[in-house]
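For the sequence shown, counting from 1, position 209 maps to 405 in our numbering; every step adds exactly one.
Positions of the beta carbon are idealized from the N, C-alpha and C atoms, including for glycine.
In this text the structure is predicted, and so the values were computed from the model without any measurement.
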Amino acid sequence: MAESRISQLTHAGMTFDVIDSGPLDGTPVVLLHGFPQRAASWSKVSDLLNAEGMRTYALDQRGYSPGARPTSRFAYSMGELVGDVTALIDEIGQPVHLVGHDWGSAVAWAVAGSHPDLVRSLTAVSVAHPTAFMKSMVSSSQILRSYYMLLFQLPVVPEHLLSRRDGLGEKMLRAAGMDRDMIETYRREIVADGALPGGLGYYRSILLGGKDLGRKVSVPTTYVWSDRDAALARRGADLTPEYVTGPYELVVVRGATHWLLDQNAPELAESIIARVRSV
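In structure tokens, the structure reads:
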């Protein structure tokens with residue numbers, strides 16, 4: 197394990213910011229954020245994990261770190277995103293417990309499926325296994341909930357709509373459960389800091405596919421889903437066990453929105469700690 201703090205990671209000609217906290221000799225846990233948030237969104241959860249002796253590495257992912265914002269949609273293919281995470285794990289120097297939320301969850305599923313030797317356990321938050329998610333599109337209300345993914349394929353227009361104060365972006369986030377403070381963070385960290393185009397790059401690369409997406413996961417896995425998540429239907433959770441061959445648990449957080457990191461940190465941390473300690 198790295199004996200000094202990792203504040204930055206250099207990979208593929210880019211520089212990624214990392215929030216490394218907790219005891220230096222603690223159990224390594226890598227945290228991957230989603231859209232439209234950054235690594236700091238894990239702060240409440242990290243504090244609870246650190247108090248339990250875990251060392252957390254929250255990666256400011258591709259498109260979000262100022263030094264890692266490529267413009268081509270091909271740069272956001274799942275293979276590239278997986279490569280960023282495996283580079284961080286190599287820097288840490290040992291297999292890790294992997295946790296992801298939203299798009300970070302999709303990336304975490306792909307890392308665990310393609311590199312099980314690097315992952316001791318997986319906790320996926322909100323987003324189901326990618327194949328389960330795609331199947332849920334045609335067997336539930338998921339396709340209606342995911343309407344914005346089609347909008348995000350357009351050039352330029354989404355950036356304009358999502359950057360306006362009190363515009364479409366903020367209305368969508370409020371409808372999904374974000375409070376005023378979270379929206380102000382979105383304006384500061386995503387819009388004002390220039391991370392919005394990179395965040396949209398994840399959606400614009402969806403049609404590129406990738407062999408990492410459909411792999412079954414053999415590592416011990418917990419999937420955390422909230423029953424008031426406006427973006428993700430229950431069907432993906434019901435289908436996910438078909439794609440996990442190792443020990444598996446579904447945790448449903450009742451009455452919670454999509455923003456579990458911010459609004460339900462104690463419950464989420466409890467699930468992560470339980471999964472880490474099960475290994």
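Under the DSSP definition of a beta bridge, residue 421 partners with 448. About 4 Å separates the Cβ atoms of residue 432 and residue 332, confirming a contact at the 8 Å cut-off. From the listed residues 414, 199 and 457, the smallest Cα separation to residue 378 is found for 457. Apart from the 5 residues on each side of it in sequence, residue 326 sits with its Cβ closer than 8 Å to the Cβ of 302, 305, 306, 409 and 410 in its chain, given in chain order.
Three or more beta-carbon pairs drawn from the segment 313-320 and the segment 280-297 are found closer than 8 Å, and the two stretches are therefore classed as touching. Beta-bridge annotation (DSSP): residue 224 is paired with 251. By the CB criterion at 8 Å, residue 444 and residue 412 fall outside the cutoff.
By the Cβ neighbour-count rule, residue 280 is buried, with 16 or more other Cβ atoms within 10 Å of its own. Taking each of 271, 249 and 437 in turn and checking the Cα distance to residue 220, the smallest one comes out for 249. In the DSSP annotation of this structure, the continuous segment of the beta strand (DSSP E) that includes residue 213 starts and ends at 210-217. When 276, 299, 253 and 275 are compared, the shortest CA-CA separation from residue 285 is found for 253. Remark: fewer than three beta-carbon pairs, one from each stretch, lie closer than 8 Å, so the segment 362-372 and the segment 208-217 are not flagged as touching. The Cβ atoms of residue 289 and residue 198 lie closer than 8 Å to each other.
Contact check for residue 229 against residue 237 passes: the beta carbons are separated by less than 8 Å.
With respect to the C-alpha of residue 240, the residue from 455, 348, 473 and 474 having the closest C-alpha is 455.
Counting only residues of its own chain and dropping the five nearest sequence neighbours on each side, residue 449 has a CB closer than 6 Å to the CB of 422, 460 and 463.
For residue 303, the uninterrupted alpha helix (DSSP H) segment begins and ends at 299-310.
Nearest in C-alpha terms to residue 381, of all of 329, 203, 234 and 400, is 234. Under the three-state reduction of DSSP, residue 320 is assigned to strand. Residue 472 and residue 227 have their C-alpha atoms some 13 Å from each other.
Using a 10 angstroms sphere on the CB of residue 310, the tally of other CB atoms reaches 16 or more, which defines it as buried. Under the three-state reduction of DSSP, residue 296 is assigned to strand. Of the other Cβ atoms in all chains shown, 16 or more fall within 10 Å of the Cβ of residue 358; this residue is therefore buried.
Within the segment 332-361, complete alpha helix (DSSP H) segments of at least 4 residues are found at 338-341, 343-347 and 353-359, given in chain order.
Following the DSSP letters along the chain, one finds residue 205 inside the beta strand (DSSP E) bounded by residues 204-207. Note: residue 440 is bridge-paired with 413 in the DSSP secondary-structure output. For residue 315, the three-state secondary structure derived from DSSP is strand. Per the C-alpha coordinates, the member of 273, 308, 346 and 299 positioned closest to residue 323 is 299.
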